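Visitor:
Shown next, in the form of structure tokens:
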């Protein structure tokens with residue numbers, strides 16, 4: 037039960053992670069593909085996530101891998117608690133592109149050895165365009181949202197990680213994306 041995670045969450049934050057100080061980014065709470073959405077249990081979990089630790093504002097993100105989370109009730113809970121939902125791009129995991137927090141957290145997972153930059157140029161251009169939409173608070177076209185909700189003009193920090201796929205090539209598309217969005 038997620039509602040019983042208070043001690044574990046407390047140990048996590050007191051176990052040294054705060055030593056990262058200004059280098060600490062959003063905390064990604066990743067769930068197994070077998071974890072189904074239970075509204076009461078998940079809300080209890082979200083209520084356990086600290087907003088402040090040692091005077092530092094915490095940003096939380098949930099990485100969900102079960103289709104049962106693709107529902108209005110889940111998106112509403114994430115928004116209510118200001119928790120972002122990982123957009124696991126180029127993967128078989130559920131895609132939920134709803135903007136639910138003051139930041140966006142995406143992980144693109146489709147790098148390939150055959151592509152010179154591990155992604156095609158058009159795919160890199162597409163991800164760079166998405167970053168620009170998110171940065172101004174708008175959901176990019178073509179990504180599946182559950183609840184229409186756009187707050188244009190409200191800028192968001194965007195965290196985009198290149199992970200998985202052909203791992204040794206991941207730095208190349210990350211560098212190419214930085215150039216495209218700068």
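Numbering (the numbering used here), first residue to last: 37 to 218. Where a beta carbon is used, it is the ideal one built from N, C-alpha and C, also for glycine. Just so it is clear, the structure is predicted and the values come from calculations on it, not from any experiment.
Which whole-angstrom value is the C-beta distance of residue 99 and residue 122, which I expect to be below 8 Å?
Guide: Position 63 of the chain shown, counted from the start, is the residue given in the question as residue 99. Position 86 of the chain shown, counted from the start, is the residue given in the question as residue 122. Contact flag correct, Cβ pair sits at about 4 Å.
Visitor: Out of 163, 195, 104 and 86, point me to the one whose CA is closest to residue 139's CA.
Guide: As a position in the chain shown, residue 139 is number 103, starting the count at 1. Closest option to residue 139, Cα to Cα, is 195.
Visitor: From 86, 72 and 70, pick the residue whose C-alpha is nearest to that of residue 44; which is it?
Guide: For this step, residue 44 is matched to residue 8 along the chain shown. The option with the nearest alpha carbon to residue 44 is 86.
Visitor: Counting C-beta neighbours from all protein chains within 10 Å, is the total for residue 70 16 or more, i.e. buried, or is it exposed?
Guide: For the purposes of this step, residue 70 is taken as residue 34 along the chain shown, with counting starting at 1. When all chains shown are included, residue 70 counts as exposed.
Visitor: Considering residue 193, what are the terminal residues of the beta strand (DSSP E) in which it resides?
Guide: Here the question's residue 193 lines up with position 157 in the chain shown. Start and end: 193-198.
Visitor: Report yes if the C-beta distance between residue 137 and residue 120 is below 8 Å; otherwise report no.
Guide: In the chain shown, the residue the question calls residue 137 occupies position 101. In the chain shown, the residue the question calls residue 120 occupies position 84. Result yes, Cβ atoms of residue 137 and residue 120 sit closer than 8 Å.
Visitor: Please classify residue 52 as buried or exposed, where buried requires at least 16 other C-beta atoms within 10 Å of its C-beta.
Guide: As a first step, residue 52 is located in the chain shown; it is residue number 16 there, counting from the start. Exposed, by the Cβ-count rule.
Visitor: Would residue 172 be called buried (16 or more neighbouring beta carbons within 10 Å of its own) or exposed?
Guide: What you label residue 172 is simply residue 136 of the chain shown in a count that begins at 1. The residue in question, residue 172, is exposed, as its Cβ has fewer than 16 Cβ neighbours within 10 Å.
Visitor: Using a 10 Å radius around the Cβ and a threshold of 16 neighbouring Cβ atoms, would you call residue 130 buried or exposed?
Guide: The count along the chain shown starts at 1 and reaches residue 130 at position 94. Buried.
Visitor: Helix or strand or just coil, what does DSSP make of residue 73?
Guide: If you number the chain shown from 1, residue 73 lands on position 37. Here residue 73 sits in coil by DSSP.
Visitor: Which stretch, first to last residue, makes up the alpha helix (DSSP H) that contains residue 99?
Guide: Sequence index remark: in the chain shown, residue 99 carries index 63 (1-based). Looking at the DSSP string, residue 99 is not in any alpha helix (DSSP H); the run it does join, the beta strand (DSSP E), is 96-99.
Visitor: Taking all protein chains shown into account, decide if residue 157 is buried (16 or more other Cβ within 10 angstroms of its Cβ) or exposed.
Guide: Sequence index remark: in the chain shown, residue 157 carries index 121 (1-based). So residue 157 counts as exposed.
Visitor: Tell me, please, which residues DSSP counts as bridged to residue 17.
Guide: No statement about residue 17 is possible, as the shown extent of the chain runs from 37 to 218 and does not include it.
Visitor: Determine whether the beta carbon atoms of residue 183 and residue 97 lie at a separation below 8 Å.
Guide: What you label residue 183 is simply residue 147 of the chain shown in a count that begins at 1. What you label residue 97 is simply residue 61 of the chain shown in a count that begins at 1. Cβ distance not < 8 Å, so residue 183 and residue 97 don't count as in contact.
Visitor: Residue 38 and residue 81 - do their beta-carbons sit closer together than 8 Å?
Guide: For the purposes of this step, residue 81 is taken as the residue at position 45 of the chain shown. For the purposes of this step, residue 38 is taken as the residue at position 2 of the chain shown. Contact: yes.
Visitor: Identify the continuous beta strand (DSSP E) that holds residue 63 and give its terminal residues.
Guide: For the purposes of this step, residue 63 is taken as the residue at position 27 of the chain shown. Segment 63-66, the beta strand (DSSP E) holding residue 63.
Visitor: Rounded to a whole number of angstroms, what is the C-alpha to C-alpha distance between residue 95 and residue 148?
Guide: Along the chain shown, one-based indexing puts residue 95 at 59. Along the chain shown, one-based indexing puts residue 148 at 112. The alpha-carbon atoms of residue 95 and residue 148 are separated by roughly 31 Å.
Visitor: Whole-angstrom Cβ separation of residue 102 and residue 72, contact assumed at under 8 Å?
Guide: Here residue 102 refers to the residue found at position 66 of the chain shown. Here residue 72 refers to the residue found at position 36 of the chain shown. Their Cβ separation, rounded to whole angstroms, is 5 Å, which keeps residue 102 and residue 72 in contact under 8 Å.
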